[in-house]
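The structure appears right after this line, and notes come after that.
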Amino acid sequence: MLNQVKQTHKIKLKKSQILLIGSFLVFIGLIIIFWNSFLALRDEVYADLMVDIVLSNAEGNDGEVSSVPVTNNLPSDGSEEQVQQQEAPINYDQYLGVLEIPKIGLKRGFFDTNNYYNNIEYNVAVVKGSTMPDIKNGNLILMAHSGDAYISYFAYLFLLNVGDNAYITYQKKQYKFQIVNIYDVPKNGRVKIQRNYDRTTLTLITCTKNNDQSQTVYIAELV
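Under our numbering, think of the first position of the sequence shown as 507, with each following residue one higher.
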């Protein structure tokens with residue numbers, strides 16, 4: 507009789523263990539399903555800015571390059587007054603270069619196109635095919651997210667106007683650019699860049715504020 511009680515106890519214990527293990531496996535499975543869904547959604551968001559770039563000369567001659575994430579200390583009222591930089595000094599040795607736009611309090615380093623962190627998921631990203639400011643009549647193309655996420659480094663580009671300045675520091679030399687054109691393009695996987703091929707250019711691209719169907723291009727020329 508005592509042996510039967512022990513066997514019954516063991517059977518109940520095994521059933522409890524099986525139930526516990528089964529519940530744990532179901533829990534792990536749900537975590538994997540939700541995590542994969544999260545990654546898919548994230549990749550979809552990040553893919554919004556992974557575009558082919560079409561370069562367009564002011565005279566109409568077209569060319570192509572191949573396809574390709576700081577704190578913005580803005581006034582609380584969102585006004586366009588100049589903002590004072592309050593950031594730690596940039597370690598220039600860490601980056602290929604640094605983009606600075608004083609009007610919107612932006613100062614952010616960027617990496618070489620072959621660097622793992624040259625990705626809008628992490629930084630302001632350099633589009634493959636870009637040239638640095640020391641190349642005469644070249645074009646440095648930078649992209650970043652807008653919006654409210656912590657990686658939205660271009661969230662306040664919409665405050666910029668023609669005539670505003672942007673600066674690129676490259677190889678410890680600073681280059682001053684002035685915005686000459688701002689325009690929107692449809693978000694269809696391609697961005698046409700309308701610039702003067704006789705000028706050294708800085709191009710900034712981000713999603714258009716309050717418009718999910720377009721992207722905004724800022725064309726700046728070396729002063």
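All C-beta atoms, glycine included, are put in the ideal place defined by N, C-alpha and C.
For the beta strand (DSSP E) that residue i lies in, which residues bound it at each end?
i	result
T600	The amino acid at residue 600 is misidentified as Thr; the sequence shows Gln. No beta strand (DSSP E) contains Q600, which DSSP labels as neither H nor E.
L666	Counting along the chain, L666 falls outside any beta strand (DSSP E), and DSSP gives it neither H nor E.
R705	Counting along the chain, R705 falls outside any beta strand (DSSP E), and DSSP gives it neither H nor E.
T675	671-676
M766	Absent from the structure is residue 766, since the part of the chain shown begins at 507 and ends at 729.
I626	Element bounds for I626: n/a, residue is neither H nor E.
T722	720-728
E615	Just to set this straight, residue 615 is Gly in the shown sequence, not Glu. Segment 612-616, the beta strand (DSSP E) holding G615.
I685	679-692
Quick check: the Cα distance between residue i and residue j, rounded to an integer number of angstroms?
i	j	result
V557	V697	Caution applies to V557, whose pLDDT of 47 falls short of 50 and renders its modelled position unreliable; the model cannot decide the point.
M638	K682	13 Å
N620	L525	50 Å
E606	I537	41 Å
N702	N667	19 Å
D640	D718	35 Å
A726	Y673	10 Å
F616	Y656	16 Å
L555	L663	Annotation note: pLDDT 43 at L555 (below 50); position unreliable, no value reported.
E627	I534	27 Å
D618	K634	9 Å
Y689	V532	51 Å
G695	N687	21 Å
Y622	I527	40 Å
Sort the options by Cα distance to residue i and report the nearest one.
i	options	result
I699	Q684, S652, A672, Y724	Y724
T706	G615, P692, Q684	Q684
M649	S529, D704, N624	N624
F660	K715, K693, D618	K715
Q677	I688, D704, K634, Q600	Q600
L665	Y628, Q680, L612	L612
K679	I711, L602, G695	L602
K693	N687, V686, I711	I711
Contact defined as beta carbons within less than 8 Å: I believe residue i pairs with residue j. What is the distance between those atoms, to the nearest angstrom?
i	j	result
S636	C713	No, S636 and C713 are not in contact; Cβ-Cβ is about 19 Å, not under 8 Å.
V691	S720	6 Å
I647	T722	The Cβ separation is near 14 Å, so there is no contact.
R614	V630	5 Å
D670	K609	5 Å
V729	T675	The Cβ separation is near 15 Å, so there is no contact.
N645	D704	Not quite, the Cβ-Cβ distance comes to about 12 Å (not below 8 Å), so this is no contact.
Taking 7 Å as the threshold (beta carbon to beta carbon), is residue i in contact with chain E?
i	result
D718	The structure shown has no chain E; it contains just one protein chain.
Compute the minimum distance between the beta carbon of residue i and the heavy atoms of the ligand MN, and state whether it is under 6 Å.
i	result
T722	Inclusion of the ligand MN in the displayed structure is not the case, the ligand content being empty and no account of it being possible.
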